[in-house]
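*Asks:* A single structure is presented below for examination.
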Amino acid sequence: MAKLLKAMTDILELPSDIMMSLPKIEIIGNMEATIENHRGLLEYTTEQISIRGNKGITLILRGRKLRLKRLYKEEITIQGFLLDIEFSID
0 MAKLLKAMTD ILELPSDIMM SLPKIEIIGN MEATIENHRG LLEYTTEQIS
50 IRGNKGITLI LRGRKLRLKR LYKEEITIQG FLLDIEFSID
């Protein structure tokens with residue numbers, strides 16, 4: 000199924016994040032990150048925020064003074080001093 004979606008995305012020239020529900024991350028310097036297409040928070044501290052993505056992907060953001068600026072159904076914005084972003088796949 001994933002290969003079919005990827006092929007359709009390529010043929011129709013559609014963005015992968017839309018067709019395959021993949022996380023889309025926008026980073027502004029090391030001060031802010033917005034993640035679209037998330038599936039919920041797994042962990043939230045001022046030093047680490049873990050976010051569940053689709054297809055077994057987990058995003059782990061580490062830093063200092065991290066906080067949620069916005070939390071919507073499919074979009075999260077995190078502010079603080081970002082030091083590291085890690086992708087983990089189950």
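First residue of the sequence shown: 0, per numbering that gives the first Met the number 0; consecutive thereafter.
All C-beta atoms in this analysis are idealised placements derived from N, C-alpha and C, irrespective of residue type, glycine included.
Please report how far the alpha carbon of N53 lies from the alpha carbon of I59, in whole angstroms.
*Replies:* In this structure, the straight-line span from the alpha carbon of N53 to that of I59 is close to 14 Å.
*Asks:* Excluding the 5 residues preceding and the 5 following T76 in the sequence, name in chain order all residues of the same chain whose CB lies nearer than 6 Å to its CB.
*Replies:* T33, K68 and R69
*Asks:* For Y43, write down the residues that DSSP places opposite it in a beta bridge.
*Replies:* In the DSSP output, where bridge partners are listed per residue, Y43 has I48.
*Asks:* Look at the alpha carbon of F86 and the alpha carbon of L41, and state the distance between them as a whole number of angstroms.
*Replies:* 14 Å
*Asks:* Would you please state the rounded distance, in angstroms, between the beta carbons of Q78 and R66? I believe it to be under 8 Å.
*Replies:* 6 Å
*Asks:* From what residue to what residue does the beta strand (DSSP E) around R38 run?
*Replies:* First-last for R38: undefined, no H or E at that position.
*Asks:* Taking its Cβ as the centre, do 16 or more other Cβ atoms sit within 10 Å of L81, making it buried, or is it exposed?
*Replies:* Under the 10 Å beta carbon count, L81 is surrounded by 16 or more other beta carbons and is classified as buried.
*Asks:* Using a Cβ-Cβ cutoff of less than 8 Å, which residues in the same chain neighbour R63 once the five nearest sequence positions on both sides are dropped?
*Replies:* T45, E46, G79, F80 and L82
*Asks:* Kindly list the residues whose CB is nearer than 6 Å to the CB of S26, restricted to its own chain and excluding five residues on each side of it in sequence; keep chain order.
*Replies:* In the sequence under discussion, the amino acid at residue 26 is Ile, which differs from the Ser named in the question. If we look at I26 and ignore the five residues flanking it on each side, its Cβ neighbours are A32.
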